[in-house]
Structure formats: structure tokens, C-alpha cells
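Report on one structure; see the data block that follows.
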DNA sequence: ATCCTTGTTGATCGCACGATCAACAATGCT
DNA sequence: AGCATTGTTGATCGTGCGATCAACAAGGAT
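Residue numbers (this note's numbering), protein chains in the order written: chain A, -19 to 191; chain B, -19 to 191.
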């Protein structure tokens, strides 16, 4: 019947303990949001005293923004990696739209939305948010510029269009967070919208079949 | 040197006091967000004891969601009112896009974004968020259906496209909240994207000149 | 076997929150 | 003038937060 007596945490190297805390913070954020990142919460998950978590972090704002950056950067790199496998710009753009709207990353979307709000009161986090947004925008911009080069697209300001597409994807994902029901073929509609923006031929950015 | 002695608040009718509290909550939310809506905060603004605010509200969740609904519904009705002055669907759609992206309502956008997150832990608020989103979607849907009727647009699923446009607008506004710099002619890009979605002729949805 | 470094504890401080409620006082009625 | 109604106060409770730090103990070095 010993619930969880756990006398004392085993002594570990600073690097190992820091990694544990980082990982615990990541899990908590994905499950319950950045707001759930408290000293006591993280400590409980790691199985140590709250003071130890504080010992490994300058302050909680830093832990929050680092956790945000860790989660979001991983997603960016994962999706960017998938892009390189595609033959051309139209296919890459289609994959981007498709992948980002497939609802398999709603937990990450929730963190984005939360970070937009928390950033108003956590300057460290705000800086991190801008940095990660820039990274995403660069991914889109690269695809648009590719399309310009091959003649598939016709865009005068690739950076602006990239920002625009990113904003649309974010908005649709945030919407799915609150209203998961409703529209099904979001990818198809967005693909058509994006075709209009990049000056691609209608139907050239094809949403992957739902299978 | 009497800072603010204010012995005791003047006695007012319940209706009047309730209105004061509602208004104070509205102002606080617009200035500092829904999270800043605390008993003590609202009470201080009205100039009464914290207990009185609690007396007029069943609980804080209710005050938060009512305040959200008040602010957001006012915006919806204001913009919807402007629509009726426009001659045709293309102009209405252009006005919608233009008005919503003119950055004059970023404080309301901030409240939307915050509500998306807070709704995860405040079911009353979540219901209110869905309700207000539906109202916005209906506005867009009406415009799209108008365009279908006049032949200006060609949309098979007006409801879905309306959701889509709403999501895009929300996303671009949220982006402006974090990155106010960057893209200028968001209206033009979005207009082009929307033309693609509604099947309108390129250039038929014209963004108002920035003057 | 002893000591010293250092990872770890947990109590503690100050603060802010929502909620509650007995006591108070202003107002209007009789 | 006296009284009942009711808007209002402010102290209080319990909770949770970030942060701090003296005390403790595990492990390696000697």
C-alpha cells in the first residue's frame, strides 16, 4: 500500500538532471499547456523537490520560453525535413499545407496560441516566439522562391507571401483547436487560396487524398 | 497629500452598479487581457470593495466569459453594419477583409487569442467562444452566398469557405499581434487568396487603397 | 576511514487569487 | 423619529505561485 514514499531522489550529474527537467517540462507543456509549467509541477514529474528545479533554472520565464522553443523547433525541423523529399515546388507547397492541417499536431498548435498570449507578459518568451515564427516563414519563403525559379509560381514579394501563408495556416489550426468539427477538406480550400496568392495554375497545388 | 482616501462608495442601484462592473471589466480586458480580470482588479477600478464584485457575479469564470462576449459581439455587429452599405458581394467581401486587417482592432484580436487558450480550462468561456465564432462565420457565409446568387462567386460549400476565410483572417490578425512589422499589403494578398477560394475573377475583390 | 565537494531537500517568505460572510451604514418607508 | 431593507465593507480562509537558503547526505578523492 506504499503509495509513493520515495525517500530521496538518487543523485545524478547536473547534465542528466537538467535533461530530465527539460523533458518533464516538454511533456507537461504538451499535455496541459505552458501555464501548467510550475516549479512544483515539474518537480513532481521528475520526482524531486521543487527547489531543485529552481536550482537548474534562472527563473520560470526562462523555463517556459525554452520549453516553447524546444517543442516548436522540433516541429519545424521535422516538417522541413519532409519537404526535401518532394520533387518540385508545387508538391512541396501542397505537402506543407497538407501536413500542417492534418490535425496531428494540435497539441503544438495549442502551445503556439498560448505563447502568443503569454508573450505579452514574458519578454523572453516573446523573443523566442518571434524567432520561431521567423524560422517557419523562412521555410515557406524557400518553397515560394523555388516556385518562382522554376516558373511554377509568379510572386513578386516571396517574403510577404510566405508570411501570409503562414498566418493562414496558423489561423486555420487555431480554429481547429476550438472547433475541431465543421470543415473537413480544409486542405483543398487552402490549396486553392494559396494558388491564387502564388499565381500558380488552378489545381497545380494538389492536396493529398485523405488516405 | 490625500492620495485616494475615498471613505466609502456611494450607494447605487443594483442595475447601475452591475453596469459599472461590466464596463470596468470591459476596459480592463481590452487594456490588459482577460487574465487581468480579477476580483480585486475590477473592484479597484470601480472604486468598491472586492467583495462587492463577487456579490454581483456568480463566479469569475462567468465574468470573464460575459466580458469576452460583450467585447467580441460588439465588434461583430459593428463590422456587419458596415457591410450593408456596400453595393455588391465583391465589395462586401473586400470591405470585410480590409476592415478586419486594418490593425485598428488588435486589442480585440488579443482577446480572441487569449480566449482560445483560456477556453480549455473555462467551459463557460469555451461555449461563448464557439457561439461568437459561429456569429462571425454567419457573416462571411452570407456574403459568399450573396456572391453565389449574383454569379460573382462560384462556391459549392459556402459554409466551409466562410469558415476558411474566417480562419485566415484570425490567423493574420494574430500574426500582426506578435509581428506588427513585416508585411504591409496584407489586404491585397488575402484578397487574391480569397478570390481563388470563392472562384471570383482575379482583381474583382479589390482592397481599398491605404488612404 | 575520513573529509570535502556538491547534488538535494523542504521549510519558509511574500504575494495574489477566488470565495465567503458577519458587521456596517445609507436609504426610504411608515 | 424610528425602523426595516439592502447595498457595501473588509477581514478572513484556503490555495497556489516563484523564489530563497540553511541544512543535509551521497560519492569520490585522499
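Where a beta carbon is used, it is the ideal one built from N, C-alpha and C, also for glycine. Treat the numbers as computed from the prediction; the structure is a model and nothing was measured.
Worksheet item: Interface residues of chain A around residue 150 of chain B at Cβ under 7 Å?
Response: Per Cβ cutoff of 7 Å: 151, 154 and 155.
Fill in: Separation of residue 166 of chain A from residue 173 of chain A, as counted between CA atoms
Rounded to the nearest angstrom, the two C-alpha atoms are 11 Å apart.
Fill in: Collapsed DSSP secondary structure at residue 184 of chain B in the structure displayed
The three-state reading of DSSP puts residue 184 of chain B in coil, since its state is none of H, G, I, E or B.
Worksheet item: Any C-beta of chain A sitting closer than 7 Å to the C-beta of residue 144 of chain B?
Response: For residue 144 of chain B, the closest Cβ of chain A is nearer than 7 Å.
Discussion item. Beta carbons nearer than 8 Å to chain A: which residues of the stretch 75 to 98 of chain B have them?
Written reply: Answer set for the stretch 75 to 98 of chain B: 90, 93, 94, 96 and 97.
Worksheet item: chain B partners of residue 174 of chain A, CB-CB under 8 Å?
Response: Correct list: 173 and 176.
Worksheet item: What number of angstroms, rounded off, separates the C-alpha of residue 74 of chain A from the C-alpha of residue 64 of chain A?
Response: Cα-Cα distance, rounded: 13 Å.
Practice prompt. Could you check if residue 70 of chain B is buried or exposed, using at least 16 other CB atoms within 10 Å of its CB as the buried criterion?
Written response: Burial call: buried.
Practice prompt. Tell me whether residue 67 of chain B sits in a helix, a strand or coil according to DSSP, three-state version.
Written response: In the structure shown, residue 67 of chain B sits in coil (DSSP, three-state: anything other than H, G, I, E or B).
Worksheet item: Residues in the stretch 106 to 124 of chain B with C-beta within 8 Å of chain A's C-beta atoms, listed in sequence order?
Response: Of all residues in the stretch 106 to 124 of chain B, 106, 109, 110 and 113 have a Cβ within less than 8 Å of some Cβ in chain A.
Worksheet entry | Under the three-state DSSP convention, the category residue -18 of chain A falls into | Since pLDDT at residue -18 of chain A reaches only 43, below the 50 mark, its modelled position is unreliable, and the value read off the structure follows with that caveat. Coil at residue -18 of chain A, not helix or strand.
Worksheet entry | Runs of alpha helix (DSSP H) wholly within the stretch 16 to 50 of chain B (minimum 4 residues, chain order) | The qualifying runs are 19 to 26 and 30 to 35.
Item to complete: Please report how far the alpha carbon of residue 109 of chain B lies from the alpha carbon of residue 5 of chain B, in whole angstroms.
Response: Straight-line Cα distance between these residues: approximately 17 Å.
Practice prompt. Alpha carbon to alpha carbon, how far is residue 11 of chain B from residue 18 of chain B? Give it in angstroms, no decimals.
Written response: The straight-line gap from Cα to Cα measures roughly 14 Å.
Discussion item. In whole angstroms, give me the CA-to-CA distance for residue 59 of chain A and residue -8 of chain B.
Written reply: Taking the straight line joining both Cα atoms gives about 60 Å.
Worksheet item: Just to confirm, are residue 93 of chain A and residue 97 of chain B a CB contact at a threshold of 7 Å?
Response: It is a contact, given that the beta carbons lie within the stated cut-off.
Fill in: Cutoff 7 Å; reference residue 36 of chain A; Cβ partners in own chain excluding five residues on either side
Cβ within range, chain order: -3, -2 and 1.
Fill in: Secondary structure of residue 126 of chain A, DSSP reduced to three states
Reduced to three states, the DSSP call for residue 126 of chain A is helix.
Worksheet item: Pick from B:150, B:100 and B:156: whose alpha carbon is nearest that of residue 87 of chain A?
Response: With respect to the C-alpha of residue 87 of chain A, the residue from B:150, B:100 and B:156 having the closest C-alpha is B:100.
Worksheet entry | residue 149 of chain A (DSSP reduced to helix, strand or coil) | Looking at residue 149 of chain A - three-state DSSP - the assignment turns out to be helix.
Item to complete: Decide yes or no for the touch test of the stretch 173 to 186 of chain B against the stretch 131 to 144 of chain B: beta carbon pairs closer than 8 Å, at least 3 of them.
Response: Touching, yes, given that three or more Cβ pairs across the two stretches are closer than 8 Å.
Discussion item. Does the CB of residue 147 of chain B have a neighbour CB from chain A at under 7 Å?
Written reply: Cβ-Cβ to chain A under 7 Å: yes for residue 147 of chain B.
Practice prompt. May I ask you to list, following chain order, the residues of the stretch -12 to 3 of chain A that have a beta carbon less than 7 Å from some beta carbon of chain B?
Written response: Of all residues in the stretch -12 to 3 of chain A, none has a Cβ within less than 7 Å of some Cβ in chain B.
Item to complete: Could you tell me whether any Cβ in chain B is nearer than 7 Å to the Cβ of residue 163 of chain A?
Response: Closer than 7 Å: yes.
Item to complete: Going by CA-CA distance only, name the one from B:62, B:49 and B:152 that's closest to residue 141 of chain A.
Response: Ranking B:62, B:49 and B:152 by Cα distance to residue 141 of chain A puts B:152 first.
Practice prompt. Tell me the start and end of each unbroken alpha helix (DSSP H) in the stretch 71 to 121 of chain B that is at least 4 residues and wholly inside, in chain order.
Written response: Those alpha helix (DSSP H) runs which fall completely within the stretch 71 to 121 of chain B and span 4+ residues are 86 to 98.
Worksheet entry | residue 129 of chain A Cβ short of 6 Å to the ligand PLP heavy atom set | No copy of the ligand PLP appears in this structure; indeed no ligand is present at all.
Discussion item. I believe residue 95 of chain B touches residue 105 of chain B by the beta-carbon criterion, under 8 Å. Please report the beta-carbon distance rounded to the nearest angstrom.
Written reply: About 6 Å separates the two Cβ atoms, so the contact holds.
Discussion item. When you compare the CB of residue 181 of chain B with every CB in chain A, is at least one pair closer than 7 Å?
Written reply: For residue 181 of chain B, the answer is no, since every Cβ of chain A falls outside 7 Å of its Cβ.
Discussion item. Within the continuous alpha helix (DSSP H) that includes residue 167 of chain B, where are the two ends?
Written reply: Start and end: 166 to 178.
Discussion item. For residue -11 of chain B and residue 8 of chain B, what's the separation of their Cα atoms in angstroms?
Written reply: Distance between the alpha carbons of residue -11 of chain B and residue 8 of chain B is about 20 Å.
Worksheet item: When the Cα of residue 121 of chain B is compared with those of B:156, B:107 and B:76, which residue comes out closest?
Response: Its Cα nearest to that of residue 121 of chain B, the residue B:76 stands out among B:156, B:107 and B:76.
Item to complete: Could you tell me whether any Cβ in chain B is nearer than 7 Å to the Cβ of residue 52 of chain A?
Response: Cβ-Cβ to chain B under 7 Å: no for residue 52 of chain A.
Discussion item. Since residue 157 of chain A and residue 89 of chain A should fall inside the 8 Å C-beta cutoff, what is the C-beta to C-beta distance between them, to a whole number of angstroms?
Written reply: Yes, residue 157 of chain A and residue 89 of chain A are in contact; Cβ-Cβ is about 5 Å, under 8 Å.
Worksheet entry | Closer than 8 Å at the beta carbon, the chain B residues around residue 35 of chain A | Correct list: empty, because the minimum Cβ distance to chain B is about 28 Å.
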